[in-house]
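What follows is a single structure, written as structure tokens, with notes after it.
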Amino acid sequence: MSIKSRKLFAIIVMTAMILTLLPMTAFAATDNSIDRVPSVAPDHTFTAGTAPILRIAEKNEGDMTTTQTFRLSLTNAEWAADPTRLKTEAEQLPKVNAQNILIKELSKTLLEVSFNPKANEKTVFRLPLITKMKGAGEATVSVESWDSVISSGTYPFANATSGATIASISKVETFARSTKAFGTILIDEANAGTLSAENNKEIRIKLDPKFKWIITDDAKVSFSGRLSPNSALVGNIAGDGERELIVKYNAVPAGDKRGSIIIEGLQIRAERDAPYGDVYADISGTEITNQELLVAKYISYSAEASVEEVKDVVAGRHNNKTAKITIEENLAGALIAGRELSVVLPDWVKVTKLTNKGSSNVDFNPTKESSKNAFYFEVKKTNVNTKSKYVFELELSVEADKTGEIVAEFFGAGMEKQEVVIANAVAPVTVEINPTDLRIGLQNQEAPDIIITENARDRIDGDGDLFPDAEGNKEYLTIGLPVGFEFTSPPTVEVIDGNLELAPLAFSPSTISLRVKSNSTKPSTIKISNIKLTVNRSVPEGDFDVQVGGGAIVKNHNKDATSSTEGLFNKGWVVKTLLGTVITPAPGEIRATTTFTIGSTTYTVVEAAEAVEKT
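Spelled out as structure tokens, the structure:
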């Protein structure tokens, strides 16, 4: 082996070794969340009953196939339970189906967790964050994916304050327009005795702009700890329909336990132009520590549409499959029974098939509209306890000359209109021509080469069937000339790149027909050269295109197709590309130019390139 070869071999070996040392990052396959973020004292310790819960849920069934091992890291807190207790508490939580949970403590702030996925179900793991706060400020837990498909991320789970009181909410509800339920607000003494004995104390809870309180018949204020049972609400809760809620009470402390004020039975409503996202309340009052508390999340839609992946679909084909499309309620019962939930695609796309892919709590009953680019579901019933969702895949027929994003509109049955890109239409081939000037009445004119390139393997497809009642032959690629143009003789056709196989040329004066013997396994390029043309004398001046089509790339063409024709379009070509410009006017279009000279009794007429002097 030469010195140069040995050096090259050494470089390759070193590169391979370095690559093996690089960490491999798996795709993120889970939705992670914290059920609530309470405000607590700087030295607070959570118990199994009071701890916020970390939830890790598999997005799609089957994303997890092996044991998942990941780490949980704390900031401004440390674990207050040993691994055995944490494992037991996790296994006893409802809606947990992760198997063989193992938890190992690596340090006071770091756990290593592993579990096996649940077969034939979406795996869910939940863990109470039984922790002790280490000071004032925000406490977070970081999920580190390590070698798993668990999504990494950092999530706040508590806020510690050193004020007189600590406010928290039992659950941060997600809502649209108005809450059907609302969490219970707790205002706890940070230390026993911070709320003194006094009448007509006041608590003010002010929402963000564009949000208003709804004081229901079930709204009430109660007291516990050293404030119970002698403390009492003064009058009614004030602020119905307003941003600010006002609670007045008489504080009659007794005992040495920290007291609590409990406000429940409230709702909030958003104005029509309220901003989407987190909703905060500013809490203040007599001996109440000013605090901003996250109380709800305002969402943009009562139901939301999404697509698992935006796939490329091929123009001119009828069997394009999308990824899974989901329409899911954000709130249980958000869709309105007895209404139609519609899906509308561009008019250059037609739906040929809908397949149920895991819909739940709904009747999967799609009905296609007469235009074939739209369909709807009739919402038969709603479930106020469990979210409903439609999950389906579409097969699409795409008009031959159309490309770009396929944007679907979703609306109806209480769902505000949404637009989602569900696929991207691409042309099967590109055509390159260096256009030239052409003249009428001239035979054997040299015309530019035509280069046809597949945009991916199999895009010139001699095997794929035509849609029923489609015109053409599935094996043929055709190149058609404009009216008034003819090929004087057969051109040269060759595959200059790739492994597409073509049969000998089938030639007619107006069309080149290329039969596909064998599809390509890598993108191929066809070159058509030595083109000789005759241009009829009736052809006007201007630009002229060639059309590239045929059943090998257009499998959904019927000249009589309308918008209501299943799967078919009246477009038989994929690409129209400029061939050349006719620069000589046709007979009957010859113009005469007349020149007059001041002071002269003669004038000159230029006609057919000849000047004639006249008087």
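Residue numbers are given in our numbering: position 253 of the sequence shown equals residue 256, and the series is strictly consecutive.
Heads up, the beta-carbon is just placed ideally off N, CA and C, and yes, glycines get one too.
Quick check on DSSP: helix, strand or coil for residue i?
i: residue 307; result: strand
i: residue 93; result: helix
i: residue 229; result: helix
i: residue 87; result: helix
i: residue 52; result: coil
i: residue 359; result: strand
i: residue 559; result: coil
i: residue 446; result: coil
i: residue 365; result: coil
i: residue 463; result: coil
i: residue 494; result: coil
i: residue 587; result: coil
i: residue 601; result: coil
i: residue 149; result: coil
i: residue 25; result: Confidence is the limiting factor: at residue 25 the pLDDT is only 42, short of 50, which leaves the residue's position unreliable, though a coordinate-based value still follows. Looking at residue 25 - three-state DSSP - the assignment turns out to be coil, as it is neither helix nor strand.
Keeping to the same chain, check which residues put their C-beta closer than 8 Å to that of residue i; ignore five residues upstream and five downstream.
i: residue 343; result: 379, 380, 381, 382, 415 and 416
i: residue 556; result: 319, 403, 431, 432, 462, 463, 464, 480 and 577
By how many angstroms is the C-alpha of residue j removed from the C-alpha of residue i?
i: residue 357; j: residue 425; result: 14 Å
i: residue 261; j: residue 255; result: 13 Å
i: residue 172; j: residue 107; result: 31 Å
i: residue 333; j: residue 141; result: 28 Å
i: residue 26; j: residue 157; result: Legend: pLDDT at residue 26 = 42, less than 50; position of this residue unreliable, no value from coordinates given.
i: residue 535; j: residue 483; result: 14 Å
i: residue 521; j: residue 567; result: 35 Å
i: residue 58; j: residue 211; result: 28 Å
i: residue 498; j: residue 517; result: 11 Å
i: residue 401; j: residue 467; result: 15 Å
i: residue 601; j: residue 442; result: 37 Å
i: residue 1; j: residue 257; result: Any answer about residue 1 is impossible in this case: the structure gives the chain only from 4 up to 618.
i: residue 355; j: residue 470; result: 10 Å
i: residue 487; j: residue 542; result: 6 Å
i: residue 539; j: residue 457; result: 32 Å
i: residue 326; j: residue 63; result: 13 Å
i: residue 96; j: residue 127; result: 11 Å
i: residue 506; j: residue 519; result: 6 Å
i: residue 450; j: residue 68; result: 59 Å
i: residue 611; j: residue 492; result: Because the pLDDT of residue 611 is 49, which lies under 50, any placement of that residue in the model is unreliable, and the question is left without a value.
i: residue 34; j: residue 60; result: 5 Å
i: residue 209; j: residue 312; result: 42 Å
i: residue 192; j: residue 111; result: 28 Å
i: residue 477; j: residue 322; result: 14 Å
i: residue 29; j: residue 151; result: Any reading at residue 29 must be qualified, since the residue scores a pLDDT of 44, below 50, and its modelled position is unreliable; the value itself is stated next. The alpha-carbon atoms of residue 29 and residue 151 are separated by roughly 7 Å.
i: residue 265; j: residue 223; result: 8 Å
By a C-beta neighbour count over all protein chains shown, 10 Å radius and 16 as the cutoff for buried, is residue i buried or exposed?
i: residue 592; result: With a pLDDT of only 47 at residue 592, under the threshold of 50, the placement of this residue in the model should not be trusted; the figure read from the coordinates follows. When all chains shown are included, residue 592 counts as exposed.
i: residue 464; result: buried
i: residue 237; result: exposed
i: residue 395; result: buried
i: residue 204; result: buried
i: residue 184; result: exposed
i: residue 303; result: exposed
i: residue 570; result: buried
If you drop the 5 nearest sequence neighbours on each side, which residues of the same chain put their C-beta closer than 7 Å to that of residue i?
i: residue 137; result: 79, 80 and 81
i: residue 277; result: 213, 214 and 301
i: residue 121; result: 100, 101 and 102
i: residue 371; result: 354 and 378
i: residue 460; result: 523, 524, 525 and 526
i: residue 104; result: 90, 93, 94 and 118
i: residue 149; result: 72, 73 and 74
Who are the Cβ neighbours of residue i in its own chain at under 6 Å, not counting the five residues just before and after it?
i: residue 145; result: 76 and 157
i: residue 435; result: 454
i: residue 377; result: 347
i: residue 496; result: 508 and 531
i: residue 581; result: 438, 546 and 548
i: residue 352; result: 376, 399, 401 and 409
i: residue 242; result: 216, 248 and 249
i: residue 494; result: 531, 533 and 534
i: residue 170; result: 42, 190, 286, 294 and 296
i: residue 364; result: 386, 389 and 391
Taking 7 Å as the cut-off, is the beta-carbon of residue i closer than that to any non-hydrogen atom of the ligand FAD?
i: residue 263; result: The ligand FAD is not part of this structure, which contains no ligands at all.
Report yes or no: is there a C-beta of chain C within less than 8 Å of the C-beta of residue i?
i: residue 500; result: Absence of chain C from the displayed structure is noted, only one protein chain being present.
Which ranges does the beta strand (DSSP E) cover as unbroken runs of at least 3 residues, wholly within the stretch 504 to 565, from first to last along the chain? Runs of the beta strand (DSSP E) lying entirely within the stretch 504 to 565 and spanning at least 3 residues, in chain order: 514 to 521, 528 to 532, 534 to 538 and 545 to 552.
Whole beta strand (DSSP E) elements within the stretch 69 to 145, 3-residue minimum: Unbroken beta strand (DSSP E) stretches of 3 residues or longer found wholly inside the stretch 69 to 145: 71 to 78, 80 to 82, 102 to 110, 113 to 119, 127 to 131 and 134 to 136, given in chain order.
Output the residue ranges of the beta strand (DSSP E) runs that lie fully inside the stretch 169 to 198 and measure 3 residues or longer, sorted by chain position. Runs of the beta strand (DSSP E) inside the stretch 169 to 198: 176 to 178 and 188 to 192.
Quick one: which unbroken beta strand (DSSP E) runs of 3-plus residues sit fully inside the stretch 369 to 395? Chain order, please. 377 to 381, all fully within the stretch 369 to 395.
Ignoring anything shorter than 3 residues or poking outside the stretch 224 to 285, list the beta strand (DSSP E) runs there in chain order. Positions of the beta strand (DSSP E) runs, each at least 3 residues long and wholly inside the stretch 224 to 285, are given as 247 to 254 and 263 to 273 in order along the chain.
Could I get the ranges of all uninterrupted alpha helix (DSSP H) runs contained in the stretch 323 to 359, with 4 residues as the minimum, in chain order? As far as the stretch 323 to 359 is concerned, it has no whole alpha helix (DSSP H) run of at least 4 residues.
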